[in-house]
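Protein chains: 2
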Amino acid sequence: MTGVEFLRSYDPEEYERPSVAVDLILMSIVHGKPAALLLRRDEHPDLGRWSLPGGFVAIDESLDAAASRVLAAKARMTDAYFEQLYTFGAVDRDPRARIISVGYFALLPPARFSEALKGAPELTLAELVVPWEGETGGAVKARSAEGDALPLAFDHADMLGLAILRLRGKLDYSGVAFALLPELFTLRALQDVHEAILGVRLNKPAFRRRMLDAGRLEATGERETGASFRPAELYRRRKNPQAKE
Amino acid sequence: MTGVEFLRSYDPEEYERPSVAVDLILMSIVHGKPAALLLRRDEHPDLGRWSLPGGFVAIDESLDAAASRVLAAKARMTDAYFEQLYTFGAVDRDPRARIISVGYFALLPPARFSEALKGAPELTLAELVVPWEGETGGAVKARSAEGDALPLAFDHADMLGLAILRLRGKLDYSGVAFALLPELFTLRALQDVHEAILGVRLNKPAFRRRMLDAGRLEATGERETGASFRPAELYRRRKNPQAKE
DNA sequence: TTAATAAGACGCGAAATGGATATAAGGGTG
DNA sequence: CACCCTTATATCCATTTCGCGTCTTATTAA
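Just so you know, the sequences run in chain order X and F. Taking the working numbering, the leading residue of the first sequence gets 1, the next gets one more, and so forth. Taking the working numbering, the leading residue of the second sequence gets 1001, the next gets one more, and so forth.
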């Protein structure tokens, strides 16, 4: 049977279809570390383990719409930067049924993250511990604010690892760092986000030069308040990035 | 209804489920240009347009296994570098039914590409024309060897565009370029691959330095044959990349 | 033997980077 | 109010990387 004949003769109604779900990685930077919001599973399988908030994709709903709906349902949130990550389709990834899961990550500034935690008390804050460097990749561990390990359900440790990997790769050519910051932020705060995602310390003058030369930042002239030392200037993301002058 | 209750009460059997397919972007570099293998659709919808080879995912088969099976069925090929690209889930992307498609790209050296074309005569070679630069992204156009436009079916122009975008991003930190070359290759051939993917000309001495310093190449001491001028040295990919000395 | 062609080596100035140091600007303290 | 403490911001310098032109080398064809 050739490929064309196969396609022609195939009737999707004849075959059993998998369920399709979206799982959401709600991420932020908390105390200089990458963090995510997890749910404690209260039934089998993986009872007591921690999972990502998710939901099934309806027949008349796009993947992005499903992710958006779950974001609203689980985190009481109607707008956030989110992006499709990867689709997990191992046959036995969920022992209950064949469920293919499309992973999404959503990036939240710390203030929105706290709001989500307040609005949805079933969510738990987890610090992500990345046991590898650079672009190596692999699973990550989750840890509670008290430092206890939070064992992850299903293949969610891999999803979280892939999210970190993706963030590292996109950090310096995309705007993902800005999605993790409030509208106005200092260069130090931006550097903290970069360091938290990359897991390494960066050189301050070099970072500052790189960011300002990239032409994606706009100085506001305003300064932060409340510091008991010299206040830093506040920047915002520039809508139309300009070439360096 | 809280998120947890939603999950608990949800029975996947109650809801209509979408079909899940994989679509394969079989790519290579032909005449210094990125190229892909397409199928001409001989029925509605999009009759006469050109599509990516694909197939449905069986209930007891992982996504990777489905991609591998389609690769074997459509391109008569049992091993190739392939990687999941993105999952396309717009509700109306296929007017026949709700089909969520997981896009994969497979990278083939030119020789394997020609074999695939011979072994599967229903496949057509298409040059990819990328109408944007750098990391902009967007759809791409396909063109036959004779230069005629090959209009693409469904959302396949977007899939091809995303594949180019992904390749550009991964080019210098991953081994994707090697998957497009035979085991032994010259530095010029490696540069040609980079230039074809990036769509820009690169500086020769700088490229050479960068590649050799990266420690991912191994000189064989052998030289290419058949050239009517100075033959270039042949290199191979080094298994265990070493730091630069 | 010579011409043609492309590989590969070398060198130089520009640009980017890492790191240290100096100066500025706030609030807190006496 | 003078001084101190802390962090932001600016400047400088050495090192590395990068772009780019040029020179030499290896091979075939004439």
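Beta carbons are placed, not taken as given, at the ideal position from N, Cα and C, and that holds for glycine.
Could you work out which residue in F:Leu1052, F:Ser1174, F:Arg1223, F:Asp1155 is closest to F:Arg1188 when comparing CA atoms only?
Here the closest residue by C-alpha is F:Arg1223.
Quick one: grab the DSSP three-state call for X:Pro34.
Strand.
Using a Cβ-Cβ distance cut-off of 8 Å, determine whether X:Ile100 contacts chain F.
Cβ-Cβ to chain F under 8 Å: yes for X:Ile100.
How would you call X:Ser228, buried or exposed, if buried means at least 16 neighbouring beta carbons within 10 angstroms?
Exposed, because fewer than 16 other Cβ atoms sit within 10 Å of the Cβ of X:Ser228.
Please report the Cβ distance between X:Thr124 and X:Leu38, rounded to the nearest whole angstrom; I am assuming they are in contact, meaning their Cβ atoms lie under 8 Å.
So it is a contact: roughly 5 Å between Cβ atoms.
Looking at the secondary structure, which residues open and close the alpha helix (DSSP H) in which X:Arg210 lies?
Counting along the chain, the alpha helix (DSSP H) containing X:Arg210 begins and ends at 204-214.
Taking the alpha-carbon positions, what's the F:Gln1206 to F:Ala1214 distance?
Gln is not the amino acid found at residue 1206 of chain F; the sequence shown has Ala there. Each residue's Cα considered, the two are about 12 Å apart.
Return the residue from the list X:Leu190, X:Ala21, X:Arg40 that minimises the CA-CA distance to X:Glu122.
Of the listed residues, the one whose Cα sits closest to X:Glu122 is X:Arg40.
For the alpha helix (DSSP H) containing X:Phe178, list its first residue and its last residue.
Looking at the DSSP string, the run of the alpha helix (DSSP H) that includes X:Phe178 is 176-179.
By Cβ distance below 6 Å, which residues in the same chain neighbour X:Arg216 in space, the five residues on each side in sequence not counted?
Closer than 6 Å at Cβ, skipping near neighbours: Arg238, Pro241.
Taking 8 Å as the limit between beta carbons, can you name the residues of its chain near F:Asp1192, skipping five residues before and five after?
Counting only Cβ-Cβ distances below 8 Å, and skipping sequence neighbours, we find Ile1029, Gly1032.
Check for me: the beta strand (DSSP E) holding F:Leu1085 runs from which residue to which?
Element bounds for F:Leu1085: 1081-1088.
Looking only at its chain, what residues have a beta carbon closer than 6 Å to the beta carbon of F:Phe1113, apart from the 5 residues adjacent to it on each side?
Cβ neighbours of F:Phe1113 beyond the five flanking positions: Ser1028.
At what residues does the alpha helix (DSSP H) containing F:Ile1197 begin and finish?
1187-1198 is the extent of the alpha helix (DSSP H) around F:Ile1197.
Does the distance from the CB of F:Glu1135 to the CB of F:Arg1168 come in under 8 Å?
Contact flag set, yes.
Kindly indicate if chain F contains any beta-carbon less than 8 Å away from that of X:Ala90.
True, the Cβ-Cβ gap to chain F drops below 8 Å.
Is there a Cβ from chain X that is less than 8 Å from the Cβ of F:Asp1158?
False, the Cβ-Cβ gap to chain X never drops below 8 Å.
Provide the residue span of the beta strand (DSSP E) that contains X:Phe105, from first to last.
Per DSSP, X:Phe105 belongs to the beta strand (DSSP E) from 99-107.
Give the single residue among X:Val22, X:Met211, X:Gly221, X:Glu218 whose Cα lies nearest to the Cα of X:Ile100.
When each option's Cα is compared against that of X:Ile100, the closest is X:Val22.
Quick one, which residues of the region 54-70 of chain X are near chain F if we go by CB-CB under 9 Å, in chain order?
If the cut-off is 9 Å between Cβ atoms, the region 54-70 of chain X has Gly54, Gly55, Phe56, Val57, Ala58, Ile59, Asp60, Glu61, Ser62, Leu63, Asp64, Ala65, Ala66, Val70 near chain F.
Along chain F, in chain order, which residues have C-beta atoms closer than 7 Å to that of X:Glu16?
Those within 7 Å of X:Glu16 in chain F are Ile1059.
Short of 9 Å Cβ to Cβ, which residues in the region 76-90 of chain X face chain F?
So the list reads Gln84, Tyr86, Thr87, Phe88, Gly89, Ala90, given in the order they occur along the chain.
Could you compute how far the alpha carbon of F:Gly1137 sits from the alpha carbon of X:Ala116?
Spanning the two alpha carbons is a distance of roughly 32 Å.
Tell me whether the region 1144-1152 of chain F and the region 1173-1181 of chain F touch, counting them as touching only if at least three CB pairs, one residue from each stretch, are closer than 8 Å.
The region 1144-1152 of chain F is not in contact with the region 1173-1181 of chain F.
Output the distance between the C-alpha atoms of F:Phe1056 and F:Leu1071, rounded to the nearest integer angstrom.
So the two alpha carbons sit approximately 13 Å from each other.
Can you tell me whether DSSP reads X:Leu234 as helix, strand or coil?
Three-state DSSP puts X:Leu234 in a strand.
What residues of chain F sit near X:Gly169, judged by a beta carbon separation below 9 Å?
Near X:Gly169 (Cβ distances below 9 Å), the residues of chain F are Gly1169, Lys1170, Tyr1173.
Cβ of X:Val130 less than 8 Å from any chain F Cβ?
It does not; no Cβ of chain F falls within 8 Å.
Distance, Cα to Cα, F:Ser1144 vs X:Arg209?
C-alpha separation (whole angstroms): 46 Å.
Got a sec: is the Cβ-Cβ distance from F:Val1200 to anything in chain X below 8 Å?
No, because no Cβ of chain X sits closer than 8 Å to the Cβ of F:Val1200.
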